[in-house]
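Working notes for the structure below.
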Amino acid sequence: MSDLVVIVYPTEEKAEEVRKRLFELQKEYLIKLGDAVIATKSPDGQIKLHQVVNTTAAGAVSGSFWGLLVGILFLNPLLGAALGAAGGALGGALTDVGINDDFMKQLAESIQPGNAALFVLIEDMTGDKVIAQIKDYGGVVLKTSFDETKEQLLRNALASATAAAAAAPAEVPAGGASS
């Protein structure tokens, strides 16, 4: 069974840093991701989803290959490739893998403009090691499907990083402060 975690970050760049770190952790076999999508909200309220895999493009590539192959059989490879690409793109656009797009857009309505929500579908993970790796990025947990104990552990870890960042003293300019 997969778990869903949604964490809000102050910027899209911060959310992208965390997503990249999660992909690195996946290479270390500490987490297995089903999907990782960043949703942003523009100042005019538009929601945009930044997906890792573009299913339309993937469908077009796959469809053009199969269309080319069928076209060769019927002595018209260009027409076959074009029809295959169009069919594959349509099929890819209609395919929704991972987290439901409508769900992500609806949940992203609640974030502030300029913020970014990282949606992560976790198939398996070593919880304590993954949380230790992402806690320093901060963020606020918006929603999880974890049990209450795991969710509270995640909330506490992210909150401690956010509190530490807020409590850090402001840097003194290079010339130092004069009295």
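In terms of full-length UniProt numbering, the sequence shown opens at residue 1 and continues consecutively.
Heads up, the beta-carbon is just placed ideally off N, CA and C, and yes, glycines get one too.
Residue interval of the beta strand (DSSP E) (run including residue i)
| i | result |
| --- | --- |
| L4 | D3 to Y9 |
| D35 | I31 to K41 |
| V141 | V140 to T144 |
| I47 | I47 to H50 |
First and last residue of the uninterrupted alpha helix (DSSP H) at residue i
| i | result |
| --- | --- |
| F103 | D101 to A108 |
| E16 | E12 to K27 |
| K129 | G127 to I134 |
Chain-order list of residues whose beta-carbon lies under 7 Å from that of residue i (same chain, five-residue window excluded)
| i | result |
| --- | --- |
| Q26 | K32 and L33 |
| R155 | V141 |
| S2 | G34, L121, I122 and E123 |
| K129 | L30 |
| A159 | none |
| Q133 | R21 and L25 |
| M104 | V37, A39, L49 and F119 |
Chain-order list of residues whose beta-carbon lies under 8 Å from that of residue i (same chain, five-residue window excluded)
| i | result |
| --- | --- |
| I38 | E12, A15, E16, R19, L49, H50, A116, A117, L118 and F119 |
| Q106 | none |
| Q112 | K41 |
| F146 | D3, V5 and L154 |
| A36 | R19, L22, F23, V52, L118, F119, V120 and L121 |
Own chain residues within Cβ distance below 6 Å of residue i, not counting five before or after
| i | result |
| --- | --- |
| K143 | V6 |
| A161 | K135, D136 and G138 |
| E151 | T144 |
| G114 | none |
| P43 | P113 |
| G45 | none |
| A157 | I131 and K135 |
Burial state of residue i (16 or more Cβ within 10 Å)
| i | result |
| --- | --- |
| Y9 | buried |
| G98 | buried |
| K41 | buried |
| residue 263 | In the structure as shown, the chain starts at 1 and stops at 179, and residue 263 therefore has no counterpart that could be examined. |
Nearest-angstrom beta carbon gap, residue j and residue i [assumed within contact, 8 Å]
| i | j | result |
| --- | --- | --- |
| E109 | I47 | 7 Å |
| T153 | I131 | The amino acid occupying residue 153 in the given sequence is Leu; Thr does not appear at that position. Their Cβ separation, rounded to whole angstroms, is 7 Å, which keeps L153 and I131 in contact under 8 Å. |
| L22 | T126 | Actually they are not in contact, since the Cβ atoms of L22 and T126 sit about 13 Å apart, beyond 8 Å. |
Check: residue i C-beta below 8 Å from any heavy atom of the ligand COA
| i | result |
| --- | --- |
| Q112 | What this structure holds is no ligand at all, so the ligand COA is not there to describe. |
Residues that residue i bridges to, as DSSP identifies them
| i | result |
| --- | --- |
| A116 | Y9 and T40 |
| D124 | K32 |
Chain B within 9 Å of residue i, Cβ atoms only
| i | result |
| --- | --- |
| Q26 | The question asks about chain B, but that chain is absent: this structure has only one protein chain. |
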